[in-house]
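As structure tokens, the structure follows; a few thoughts come after it.
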Ligand code: GLU
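In the working numbering, the protein residues as written are 1074 to 1517.
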């Protein structure tokens, strides 16, 4: 089957899964050239096998809320591809979770993990459970109920989950605790664990730091210094927080952060003290970003995203499709010259087209946010060795991995006119490794 026929087939076979179609379409649109250079791929129907997940588990999760009411949610694990290593990818708890979203995330994860240079396949899981407004006890009971179903499908060499939106250290701790009880082993089947029980130093920081390290690599190609650059960041969760932390230490000026209710604009820049406030607000009190505007007397814009604010660099770190065509045009009109994605697929296809047409530095999530899963891979290595490495050691490895991913993007994405198409570079590099591994292992 030809690449464009595969997309039509997926739309027919799996209708009503727009995010999944979007992710597949973006990759297929960029790998055609290398695909055509390898007729053996078509002979073995490689693209179709690579686009459809190996298997999907779906289950009911039953739990009891604080009022004693019995509640149900749906739970899923999409094991997309394990050609280069055990299935690996996070768990998302959010009201919007459905199979389309998890299939797009698992598909993306497969290429992202391939780029990291570490031996990890791609997976994703989650639930339509919304952590918003839930007590700590409810979160714990939900995590335990989720894992009583999930545990039989995962293991240190088969499938290693981690966090994603709505799942941080607290949730991983509760899930891992239940997993250990059921599986009767201590081999580190989850990553993003607490530091006291096998977690890696720098894992909480890794996605945000990694995104900034990738941005620095891109800026270096143009001889641009990050110092004093104005940056708009969206989100205020784990990825956004550590993106802002690293940007502050490098002397950049971060003027926005957001949550699903709206964004704050701080013209003086978010400094260390203000970031500490946000971390406490979000991680401890689970409050809303609006409270920052009230405390520091700055602008709060409800129901909007920060892309209309003037900036040099944008780092979307909230969720999928948070930058549409209009947002992209607004960013460009305001002089934004670099976009580096901390979230997964935050730009719509129309927005990506705008960035590429304008030839700005544009790094897709599967390259720029790969730092998180990279340090997850390093956590797996430390667990297997029953050792733990210092922060400096992990941070250096993270920098090296991000530099390597950047190199791969340059190798496969540099156009004749010298412009680096990072979308193409990341897709081709990620694809070729998985494709070669699949070919070598026969028709499965
Ligand atoms: N959810 C993160 C991602 O999108 C991390 C996955 C992991 O550490 O396994 O890459």
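Beta carbons: idealized from backbone N, C-alpha and C, even for Gly.
None of the values given here were measured: they were computed from a predicted structure.
| query | result |
| --- | --- |
| Within 9 angstroms, strictly: CB atoms of residue 1068 and residue 1449 | With the chain represented from 1074 up to 1517, any question about residue 1068 goes unanswered, as that position is not in the structure. |
| Where residue 1239 falls: helix, strand or coil (DSSP) | coil |
| Nearest-angstrom Cβ-Cβ length linking residue 1477 and residue 1231, presumed shorter than 8 angstroms | Residue 1477 to residue 1231, Cβ: 26 angstroms. No contact. |
| Span of the beta strand (DSSP E) around residue 1511 | Here residue 1511 belongs to no beta strand (DSSP E); instead the alpha helix (DSSP H) covers 1495–1513. |
| Ligand 1 heavy atom lying under 8 angstroms from the CB of residue 1170 | no |
| Residue(s) in a DSSP beta bridge with residue 1152 | 1128 and 1196 |
| Three-pair Cβ contact test at 8 angstroms for the segment 1407–1427 versus the segment 1362–1370 | no |
| Closest by C-alpha distance to residue 1510, when choosing among 1157, 1105 and 1098 | 1157 |
| Close-in-space but distant-in-sequence residues of the same chain around residue 1138 (CB under 6 angstroms, 5 per side omitted) | 1144 and 1211 |
| Own chain residues within Cβ distance below 7 angstroms of residue 1151, not counting five before or after | 1126, 1129, 1175, 1176, 1179, 1196, 1197 and 1198 |
| Residue 1442 Cβ short of 8 angstroms to ligand 1 heavy atom set | yes |
| For residue 1163, three-class secondary structure by DSSP | strand |
| Counted within 10 angstroms of its Cβ, other Cβ atoms place residue 1332 as buried (16 or more) or exposed | buried |
| Residue 1264 and residue 1245 closer than 9 angstroms at C-beta | yes |
| Beta-bridge pairing of residue 1146 - partner residues as DSSP gives them | 1134 |
| Contact the segment 1373–1391 vs the segment 1302–1315: 3+ CB pairs below 8 angstroms | yes |
| Residues that residue 1326 bridges to, as DSSP identifies them | 1303 |
| Sufficient close CB pairs (3 or more, under 8 angstroms) joining the segment 1098–1108 to the segment 1494–1504 | yes |
| Per DSSP, cross-strand counterpart(s) of residue 1372 | 1338 |
| Proximal residues to residue 1080 (C-beta, below 8 angstroms), its chain only, five neighbours per side dropped | 1094, 1097, 1098 and 1101 |
| Residue 1436: first and last residue of the uninterrupted beta strand (DSSP E) it sits in | 1434–1436 |
| 8 angstroms contact criterion, which residue 1374 and residue 1336 should meet: CB distance rounded | 5 angstroms |
| Cα-Cα separation between residue 1224 and residue 1142, rounded to whole angstroms | 25 angstroms |
| Residues of its chain near residue 1497, where Cβ-Cβ distance is below 7 angstroms and the 5 sequence neighbours each way are ignored | 1103, 1485 and 1486 |
| Beta bridge counterpart(s) of residue 1388 as assigned by DSSP | 1306 |
| Outcome for residue 1513 when other beta-carbon atoms lying within 10 angstroms are tallied against a minimum of 16 | exposed |
| Inter-residue Cα distance where the pair is residue 1411 and residue 1363 | 27 angstroms |
| Ligand 1 heavy atom lying under 8 angstroms from the CB of residue 1262 | no |
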